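Mapping of the sequence shown onto my numbering: position 461 corresponds to residue 1489, and the numbering continues sequentially without gaps.
First comes the structure, then the notes that go with it.
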Amino acid sequence: MTQLQSEVLEKRRDQAFPKLTAQQIARLEPYGTRLATRAGHVLVEPGTPHQNLYVVLAGSVEAIMPGHRGDALITVYAPGDFSGELSTLRGVAGFARLRVREAGAVLAIEERKLRDIVQTDAELSELMMRAFILRRVALMNSGEGEVMLLGSRHSAGTLRLREFLTRNSHPYVNVDLDGDPDVQALLDRFGVGVKDVPIVIGHCGRVFRNPGIRDIAEYLQMNPAIDESKVHDLVVVGAGPAGLAAAVYAASEGLDVLVVEAIASGGQAATSSKIENYLGFPTGISGQALAGRAFVQAQKFGASVSVACSAVRLRCERRPYAVELSDGRTVKAGAIVIASGAQYRELPIENLSRFVGNGVYYAATHMESKLCQGEEIVIVGGGNSAGQAAVFLAGSCRHVHVLVRSAGLADTMSRYLVRRIEESPAITLHPYTQLTALEGSDRLERIAWQTKDGPVPERRDIGHVFLMTGALPNTKWLDGCLLLDEKGFVRTASDFNGGELAAAGWPLARAPYLSETSIPGVFAVGDVRAGSVKRVASAVGEGSICIQFVHRTLRDVA
Ligand SMILES: Cc1cc2nc3c(=O)[nH]c(=O)nc-3n(C[C@H](O)[C@H](O)[C@H](O)COP(=O)(O)OP(=O)(O)OC[C@H]3O[C@@H](n4cnc5c(N)ncnc54)[C@H](O)[C@@H]3O)c2cc1C
């Protein structure tokens, strides 16, 4: 058996595996059951949901991660050490085998009791939560795992699965068909060919050829069980910043919360390499790190989060409301928070995702304007957001090129913006022009655009491109249930006039609460809401605030 190698463990072993004091163990005693152990006895097998957390009282217990390259020893727990990681807290399948090395005794604490501890004992909560997070980061960082992903870095399917496993913090072995010399032997061993990529090979050698994320989530038991007969207090649709904030506040205030998320927690924010305008992080934080923390926080308070699980329909004719899911199941709740966000329209350009945040931007705030001060830039789009960005950035950039596919701006942009663009010597409008290429190594260095009837694409040394081509709301699943605006964003509270609400069948004497939609007890927060600001902080704020109104609507119908 080899030792698990991970930089995180080398640098932060003391925090990943802290020792409990006698006093702390005494505080844990009432939550657990003392058990005598004998050498060789397996306390937990990998893949088992609802594992206990074990505090070693005497003897020792080894934690082993079985993997495709053989077993790896994670650590040996001695008296005062405790087992567990994020899966223990979530009650989903874990990755490690816990085997008694030297006979002794352990304190076994059930998942439910573990949650009580982290919610009520501040000192133990900090110690355990930090250890759980670092242990998971160490597993991810080791490059080991029971799951192997074979694929090509040039295949969109491989990238989709890689992103899914990474964003859900699931450890896996990555085999790149383009760079691994032993790849043919592996393909032969599992009876698969290059045409089958991406291939996921699970424990016991089970092979998935180009699987969907739902198949993988199910096979890896990533999600807690869903009880269809239960009526939750709240179902949140979408686990971006808005949905996670709603889940954290609702669960921490004692509501029974289920979150359903189509892909992975974090939403669009998780794709941002560095968020620099979120309060409390003066040096910035990666979207993935922020999302990971929020996800763990939601679990700590007992929210149940299911990933790779889309809402496909909202049934809002009567309360409790029902949300139909992509796997055919239906979940019910007294209140619903719609936090399904929006997607920026992407241009069909190779390399685009590589440069997002490194020369390609979806917003033109003061922060971005600093990045391209004194430089030549390109803005793609002919709507008001593109016009505002052009006028704003022309104040600090050397020159602004606005590319539009159509003949001009008159049909799509407000007249005052068109005039300012026409009058500004720092802005050039390029009609009938499309961006065709993005080039560079670590960041964007060159671009090309093609004008209709132009002989060849024009290449320029420009390192900043603003894509202002609009966002599409993720609201197809609402299917006529609620009042939406003309672009499909969900309208709430102050957007309505009395007549509209009455016509839509609003049944109550009171007006909708803040963030409440045209259906009582159904709220919309974050980017999916009509008129939203489209920032992480505002999404988090809206998700948090709406919970006080969720309480009120639940009381209204009680
Ligand atoms: C590349 C990039 C960089 C950014 N950088 C910044 C920044 O630096 N600072 C800043 O303030 N803002 C930034 N933003 C904007 C910010 O990320 C968004 O405003 C914020 O994420 C909105 O949060 P949300 O929860 O409302 O929606 P989203 O983040 O869009 O999350 C919605 C979630 O709902 C899920 N979903 C959709 N449909 C369904 C369904 N039917 N069923 C279940 N789940 C569903 C999606 O998978 C997604 O996870 C950036 C955006 C992008 C794309």
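All C-beta atoms in this analysis are idealised placements derived from N, C-alpha and C, irrespective of residue type, glycine included.
The structure displayed is predicted, hence computed values, not measured ones.
Check                                                                                                                       : Outcome
N-terminal and C-terminal residue of the beta strand (DSSP E) that PRO1199 is part of                                       : Unbroken run through PRO1199: none, as it is neither H nor E.
Beta carbon of ALA1166 nearer than 8 Å to that of GLN1043                                                                   : no
Opposing strand residues paired with TRP1477 [DSSP bridges]                                                                 : LEU1463, GLU1486
Three CB pairs or more closer than 8 Å across the segment 1464-1473 and the segment 1500-1518                               : no
Which of helix, strand or coil DSSP assigns to ILE1254                                                                      : coil
Extent of the continuous beta strand (DSSP E) to which LEU1081 belongs                                                      : 1081-1093
Same chain only: Cβ atoms within 6 Å of LEU1272, ignoring 5 sequence neighbours per side                                    : ALA1322, ALA1326
Start-end ranges of the beta strand (DSSP E) lying completely within the segment 1085-1163, minimum 3 residues              : 1100-1105, 1125-1137
Buried/exposed call for VAL1484, threshold 16 Cβ in 10 Å                                                                    : exposed
C-alpha gap between GLU1570 and ALA1270, whole angstroms                                                                    : 7 Å
Three CB pairs or more closer than 8 Å across the segment 1174-1188 and the segment 1141-1161                               : no
CB contact flag (HIS1078, GLU1035, <8 Å)                                                                                    : no
Given 8 Å, three or more beta-carbon pairs between the segment 1294-1307 and the segment 1336-1354                          : no
Beta-bridge pairing of GLY1468 - partner residues as DSSP gives them                                                        : LEU1472
Which listed residue (ALA1064, ARG1382, ILE1490, LEU1375) has its alpha carbon closest to that of HIS1427                   : ILE1490
Beta carbon of LEU1142 nearer than 8 Å to that of LEU1117                                                                   : yes
Any non-hydrogen atom of ligand 1 closer than 7 Å to ASP1555 Cβ                                                             : yes
CA-to-CA distance, HIS1069 to ALA1136, given in whole angstroms                                                             : 14 Å
Exposure of PRO1310, with buried meaning 16 or more beta-carbon neighbours within 10 Å                                      : exposed
Same chain, Cβ closer than 7 Å to GLY1221, neighbours up to 5 away in sequence not counted                                  : LEU1215
Proximity winner among ILE1455, ILE1102, MET1168, relative to VAL1089 (alpha-carbon distances)                              : ILE1102
Simplified DSSP assignment, three categories, for ARG1319                                                                   : Reading off the sequence, residue 1319 comes out as Ala, not Arg. Of the three classes helix, strand and coil, the one that applies to ALA1319 here is helix, per DSSP.
Proximity test, PRO1501 beta-carbon vs ligand 1 heavy atom, cut-off 7 Å                                                     : no
Where SER1334 falls: helix, strand or coil (DSSP)                                                                           : strand
Cut-off 6 Å between Cβ atoms - residues of its own chain near ALA1100, not counting five sequence neighbours on either side : THR1030, LEU1032, MET1093, GLU1172
Runs of beta strand (DSSP E) wholly within the segment 1254-1317 (minimum 3 residues, chain order)                          : 1259-1265, 1285-1288
Local conformation of ALA1586 per DSSP, three classes                                                                       : coil
Cβ-Cβ separation, HIS1429 to THR1456 (assumed contact under 8 Å), whole Å                                                   : 5 Å
Start and end residues, alpha helix (DSSP H) containing GLU979                                                              : Residue 979 is absent from the structure shown; the chain starts at 1029 and stops at 1586.
Per-residue DSSP class, three states only, for GLY1230                                                                      : coil
Cβ-based neighbour list, GLN1249, same chain, cut-off 8 Å, excluding 5 preceding and 5 following                            : GLY1075, PRO1077, VAL1120, ALA1121
Per DSSP, the bridge partner or partners of TYR1349                                                                         : ALA1361
TYR1372 CB to nearest heavy atom of ligand 1 below 7 Å                                                                      : yes
Pairwise C-alpha distance: ALA1064 and GLN1080                                                                              : As written in the sequence, residue 1080 is Asn, which differs from the Gln given in the question. ASN1080 and ALA1064: Cα-Cα distance of roughly 15 Å.
Exposure of GLN1316, with buried meaning 16 or more beta-carbon neighbours within 10 Å                                      : buried
Ligand 1 heavy atom lying under 7 Å from the CB of PRO1269                                                                  : yes
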